[in-house]
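S.K.: As you go down the protein sequences, you meet chains F and E in turn.
Quick note on our numbering: the first sequence kicks off at 16 and runs consecutively.
Quick note on our numbering: the second sequence kicks off at 414 and runs consecutively.
Positions of the beta carbon are idealized from the N, C-alpha and C atoms, including for glycine.
Before I ask anything, here is the structure I am working with.
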Amino acid sequence: MAISTKGQTGLTGNTAIAYAMKQINPDVCPAYPITPSTAIIEDFSSYVADGAVDTELITVESEHSAMSACIGAAAAGARVMTATSAQGLALMWEMLYIASGMRFPIVIANVNRALSAPINIHCDHSDSMGARDSGWVQLYSETVQEAYDNFIQAVRIAENEKVLLPVMVCFDGFITSHAIENISLLDDAEVREFIGEYKPRHHLLDTDNPVTYGAMTLQDTYIEFKRQQSQAMSRAKDVVTEVGREFAGKFGRDYGLMETYRLDDAEAAIVILNSAAGTTKVAADELRKQGKKVGVLRPRLFRPFPFKEMADALKNVKAVAVLDRADSMNGFGGPLFNEVRSALYELDTRPRVISRIYGLGGRDYKVKDAASVFDELLKISSTGKVETLQKYITL
Amino acid sequence: MSTAAPEKKEKVVQPFDYNKYLRPNKLPHIWCPGCGHGIVLKALLRAIDKAGLQKDNIVMVSGIGCSSRTPGYVDFNTMHTLHGRALPFATGIKFARPDLKVIVITGDGDALAIGGNHFIHACRRNIDMTVLVYTNATYGMTGGQYSPTSPVGSTATTSRYGNIEPPFDTCEMAKASGATFVARGTAYHAIELEKTIYDSLTHRGMAVVDIIDACPTYFGRMNKFKSATQMMEVIEKENTVNIKQADKLPPEKLQGKMLRGILHKVEKPEYCQQYEEHVIKKATSKE
Ligand SMILES: Cc1ncc(C[n+]2csc(CCOP(=O)(O)OP(=O)(O)O)c2C)c(N)n1
Ligand code: SF4
Ligand SMILES: [Mg+2]
Chain F
16 MAISTKGQTG LTGNTAIAYA MKQINPDVCP AYPITPSTAI IEDFSSYVAD
66 GAVDTELITV ESEHSAMSAC IGAAAAGARV MTATSAQGLA LMWEMLYIAS
116 GMRFPIVIAN VNRALSAPIN IHCDHSDSMG ARDSGWVQLY SETVQEAYDN
166 FIQAVRIAEN EKVLLPVMVC FDGFITSHAI ENISLLDDAE VREFIGEYKP
216 RHHLLDTDNP VTYGAMTLQD TYIEFKRQQS QAMSRAKDVV TEVGREFAGK
266 FGRDYGLMET YRLDDAEAAI VILNSAAGTT KVAADELRKQ GKKVGVLRPR
316 LFRPFPFKEM ADALKNVKAV AVLDRADSMN GFGGPLFNEV RSALYELDTR
366 PRVISRIYGL GGRDYKVKDA ASVFDELLKI SSTGKVETLQ KYITL
Chain E
414 MSTAAPEKKE KVVQPFDYNK YLRPNKLPHI WCPGCGHGIV LKALLRAIDK
464 AGLQKDNIVM VSGIGCSSRT PGYVDFNTMH TLHGRALPFA TGIKFARPDL
514 KVIVITGDGD ALAIGGNHFI HACRRNIDMT VLVYTNATYG MTGGQYSPTS
564 PVGSTATTSR YGNIEPPFDT CEMAKASGAT FVARGTAYHA IELEKTIYDS
614 LTHRGMAVVD IIDACPTYFG RMNKFKSATQ MMEVIEKENT VNIKQADKLP
664 PEKLQGKMLR GILHKVEKPE YCQQYEEHVI KKATSKE
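This is the structure:
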């Protein structure tokens with residue numbers, strides 16, 4: 016498969032991630048297939064078979080084993096990555112906490128898909144949202160281009176000495192993973208120079224400096240380990256910004272911690288992750304033409320959550336709807352809603368904030384859906400009254 | 414007593430009414446043309462009919478995979494669970510309702526890769542259920558990765574230069590793990606398969622039937638088979654021997670062939686019954 020890095024190249028999200036993996040040339044990639052992420056490893060296995068990478072591809076018997084093998088390889092000092100979705104990520108659960116607790120800079124592409132039951136293979140964010148407290152840095156991507164760029168940046172973020180945490184790059188199943196988009200690719204040399212060589216400070220194969228991982232810590236030290244992990248997670252925010260700036264400086268694409276769209280003078284704003292932000296921006300453009308002051312905020316970094324920046328971005332907005340493609344099942348809106356609303360608490364004058372759950376299991380989210388949320392928000396902003404704090408839309 | 418020979422009645426063969434057991438509104442099914450899974454389903458429905466099982470007394474449980482889509486199409490109590498986990502779900506059902514007939518539909522990947530641990534333990538406990546393992550030597554549903562039954566040297570998206578992992582012999586593993594009924598059939602030998610499944614349904618204890626069938630879409634194309642029928646002839650017909658004929662054949666004719674028919678059948682205490690006798694009765698007599 017000859018892919019050109021000159022000009023624009025039409026690639027699906029999965030092919031682009033596989034290509035990024037080829038360019039990164041990790042040491043080890045343990046993998047187990049699951050829709051809609053399967054094609055990443057399928058393409059990557061061609062690179063392995065063609066001798067285009069030095070990676071050892073370990074095709075294990077489940078995701079439980081895949082993440083365990085990632086951790087084993089990372090402990091041995093390898094640069095490690097894999098891809099998964101939905102039940103695959105769910106089956107990795109136990110190990111997600113091991114990876115972050117042992118501070119291994121593993122990178123995974125999570126192609127967002129709804130969790131069972133009932134079974135569904137289409138997009139929502141219940142998989143990665145369920146993993147939001149597992150100690151992984153989470154980056155979300157609107158487009159194929161951003162998924163590709165995030166994946167390359169993820170290596171630098173994860174391996175940064177101030178962070179040393181695993182990173183999950185999320186993008187929408189089928190919508191972004193399977194649709195073809197024209198994107199700009201970096202040259203192999205540019206990628207390799209940007210990520211640099213991985214030199215782990217400690218690893219098990221360094222027999223002159225023996226270390227142990229995961230040893231028993233009881234009441235005496237466990238909490239200190241967790242505090243260190245938590246501090247590393249807090250530091251990750253600035254590292255994401257720094258790495259993003261360097262990337263923008265070199266390659267011209269700047270993402271920041273979040274994207275704000277027509278937000279400066281907006282009265283009403285929708286906060287929304289991943290591909291549906293595109294649809295929302297189209298709706299915002301249409302309403303702007305009618306003179307309605309609406310804007311969009313699309314978080315890129317979800318873990319750690321940029322609380323201050325979020326509050327700052329929304330402080331002048333009167334009414335905000337946070338649209339979640341996952342439900343926290345807490346009786347109080349989706350996971351993104353809870354974070355955003357909490358972030359706004361510190362403000363002296365707070366916008367009204369409502370929760371709308373949309374698009375579960377791949378249900379279409381259309382421009383008209385976004386437009387009707389904007390209309391509702393404009394009503395809230397003029398009356399100051401919230402009629403329905405939380406509800407499902409796109410039903 | 415009349416000595417006259419009974420009049421020879423002309424045998425009228427009624428076509429089997431599959432619809433009796435299907436959910437017509439869930440059809441057409443997802444299986445590709447030439448896929449063996451549909452042939453196996455038909456054999457299973459005929460065996461269920463022959464065994465006189467009542468639809469409402471059957472619980473069919475599956476994992477995830479093309480094979481595991483089966484319960485969606487049949488009008489029993491059905492449960493489509495998680496990849497690899499059909500057996501523990503089924504164990505829970507059987508434990509709660511030992512009176513129900515539990516049939517597990519699982520693929521070779523589902524049963525032996527991601528769910529391998531559950532497979533050996535369900536066999537070891539000898540819990541009363543019938544487990545049909547659809548062995549097509551691939552992960553069909555996810556596009557043709559090699560599975561734990563793919564032959565050494567076979568091509569898959571994950572083994573471009575030929576598989577280097579030796580496969581499991583599902584029947585040997587079931588037997589060694591403690592299953593009390595172990596058999597093999599193929600989609601090619603559809604009538605024989607019906608009989609084998611019937612025998613598995615009437616056994617009390619863990620009954621495993623390894624069913625060799627073909628995935629022409631992935632295994633077939635990647636391994637240069639010309640057609641689904643050619644796959645059936647090579648893999649299912651030529652590559653297997655019925656255990657009853659095996660005794661009569663010289664060893665060289667058995668080389669590399671898989672045996673069909675009932676390969677192992679013993680009577681041993683069944684798990685739910687053991688639990689009833691050794692736990693429930695003892696615990697309740699202590700009052
Ligand atoms: C935890 C988890 N990992 C991966 C998958 C993706 N997946 C679905 S079916 C399947 C393989 C199915 O193979 P097999 O059981 O042999 O059934 P077949 O499709 O060949 O009939 C896989 C890997 C999943 N559903 N859940
Ligand atoms: S992919 Fe293979 S196993 Fe699945 S339905 Fe098609 S032929 Fe059957
Ligand atoms: Mg299979």
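What do you get for E:Val-621, buried or exposed, if any count of 16 or more other CB atoms within 10 angstroms of its CB means buried?
M.R.: buried
S.K.: Whose C-alpha, out of F:Leu-410, F:Glu-402, F:Ser-199, F:Trp-108, is nearest the C-alpha of F:Gly-414?
M.R.: There is simply no residue 414 of chain F to check, as chain F begins at 16 and stops at 410 in what is shown.
S.K.: Quick check on E:His-493: buried or exposed, where buried means 16 or more other Cβ atoms within 10 Å of its Cβ?
M.R.: buried
S.K.: Compute the distance between the beta-carbons of F:Ser-370 and F:Lys-330, then report whether it is under 9 Å.
M.R.: no
S.K.: What does the alpha-carbon distance come out to for the pair E:Arg-459 and F:Leu-288?
M.R.: 51 Å
S.K.: Which residue or residues does DSSP assign as beta-bridge partners of F:Glu-282?
M.R.: Looking at the DSSP assignment, F:Glu-282 forms no beta bridge with any residue, so it has no partner.
S.K.: Quick one: what's got a C-beta closer than 8 Å to E:Gly-575's C-beta in the same chain, skipping five residues either side?
M.R.: Once the five neighbours on either side are set aside, the close Cβ partners of E:Gly-575 are Val-565, Gly-566, Ser-567, Thr-568.
S.K.: Where does F:Leu-233 land, buried or exposed, given buried means 16+ other C-beta within 10 angstroms?
M.R.: exposed
S.K.: Taking 8 Å as the cut-off, does the CB of E:Ser-480 come closer than this to any heavy atom belonging to ligand 2?
M.R.: It does: the Cβ of E:Ser-480 is within 8 Å (strictly closer) of some heavy atom of ligand 2.
S.K.: On the CB-based measure, 16 or more other CB atoms within 10 Å of its CB, does E:Met-414 come out buried or exposed?
M.R.: Legend: pLDDT at E:Met-414 = 48, less than 50; position of this residue unreliable, no value from coordinates given.
S.K.: Could you work out which residue in F:Trp-108, F:Val-43, F:Ala-124, F:Thr-53 is closest to F:Ala-91 when comparing CA atoms only?
M.R.: F:Val-43
S.K.: Taking the Cβ atom as the reference point for each residue, do F:Ser-141 and F:Leu-154 lie within a distance shorter than 9 Å?
M.R.: no
S.K.: Any Cβ of chain F within less than 9 Å of the Cβ of E:Ala-509?
M.R.: no
S.K.: Going by DSSP in three states, E:Met-414 sits in which element: helix, strand or coil?
M.R.: Annotation note: pLDDT 48 at E:Met-414 (below 50); position unreliable, no value reported.
S.K.: Nearest-angstrom Cα distance between F:Ala-336 and F:Thr-191?
M.R.: Annotation: F:Ala-336 to F:Thr-191 spans about 23 Å, alpha carbon to alpha carbon.
S.K.: Tell me whether E:Lys-678 sits in a helix, a strand or coil according to DSSP, three-state version.
M.R.: strand
S.K.: Using CA atoms only, rank isn't needed, just tell me which of E:Val-472, E:Tyr-631, E:Tyr-434 is closest to E:Cys-479.
M.R.: E:Tyr-631
S.K.: Could you name the residues of chain F that E:Arg-573 contacts, counting a contact when the two beta carbons are closer than 9 Å?
M.R.: Ser-60, Ser-61, Val-63, Ala-64, Asp-65
S.K.: Could you work out which residues of chain F lie near E:Leu-495, taking near to mean beta carbons separated by less than 8 Å?
M.R.: Gln-102, Ser-131
S.K.: Against chain F, with Cβ distances strictly below 9 Å, would E:Ala-550 count as a contact?
M.R.: no
S.K.: Please classify E:Asn-438: is it buried, with 16 or more other beta-carbons within 10 angstroms of its beta-carbon, or exposed?
M.R.: exposed
S.K.: Under a Cβ-count criterion, where at least 16 other Cβ atoms within 10 Å of its own Cβ denotes burial, should F:Tyr-237 be classed as buried or exposed?
M.R.: exposed
S.K.: From the DSSP output, in three-state form, read off E:Tyr-559 for me.
M.R.: Here DSSP, grouped into helix, strand and coil, assigns E:Tyr-559 to strand.
S.K.: Residues of chain F with CB closer than 8 Å to the CB of E:Ala-526, please, in chain order.
M.R.: Close to E:Ala-526, with beta-carbon spacing below 8 Å, are these residues of chain F in chain order: Glu-76, Ser-77.
S.K.: Whether or not the segment 377 to 394 of chain F and the segment 302 to 316 of chain F are in contact is what I'm after, with contact meaning three or more pairs of Cβ atoms, one per stretch, closer than 8 Å; do they touch?
M.R.: yes
S.K.: If you reduce the DSSP assignment to three classes, tell me which class E:Phe-389 lands in.
M.R.: This structure does not reach residue 389 of chain E, given that chain E is present from 414 up to 700, and the question cannot be answered.
S.K.: Please state whether DSSP places F:Asp-187 in a helix, a strand or coil.
M.R.: strand
S.K.: Look up F:Glu-161 in the DSSP assignment and say whether it is helix, strand or coil.
M.R.: If DSSP states are grouped into helix, strand and coil, F:Glu-161 belongs with the helices.
S.K.: Figure out for me which residue from F:Pro-366, F:Ile-372, F:Val-332, F:Thr-364 has the closest Cα to the Cα of F:Pro-350.
M.R.: F:Ile-372
S.K.: I'd like to confirm the pairing. Which residues does DSSP put opposite F:Gln-405 in its beta bridges?
M.R.: F:Ser-370
S.K.: Look up F:Glu-498 in the DSSP assignment and give the residues it is bridged to.
M.R.: Beyond the ends of chain F as shown, which are 16 and 410, falls residue 498 of chain F; an answer cannot be given.
S.K.: If you check the beta carbons only, do F:Asn-197 and F:Gln-38 fall under 9 Å apart?
M.R.: no
S.K.: List, in order along the chain, the chain F residues whose C-beta lies closer than 8 Å to that of E:Thr-555?
M.R.: Pro-48, Ile-49, Thr-50, Thr-53
S.K.: Run the proximity test for F:Val-105: is its beta-carbon closer than 8 Å to any non-hydrogen atom belonging to ligand 1?
M.R.: According to the sequence as given, residue 105 of chain F is Ala; it is not Val. Correct: F:Ala-105 has its Cβ closer than 8 Å to ligand 1.
S.K.: Between E:Asp-469 and F:Asp-69, what straight-line distance do the alpha-carbon atoms span, to the nearest angstrom?
M.R.: 56 Å
S.K.: For E:Cys-628, collect the residues of the same chain with a Cβ closer than 7 Å to its Cβ; drop the 5 residues on either side in sequence, then sort them by chain order.
M.R.: Here the set comprises Cys-448, Asn-549, Thr-551, Gly-553.
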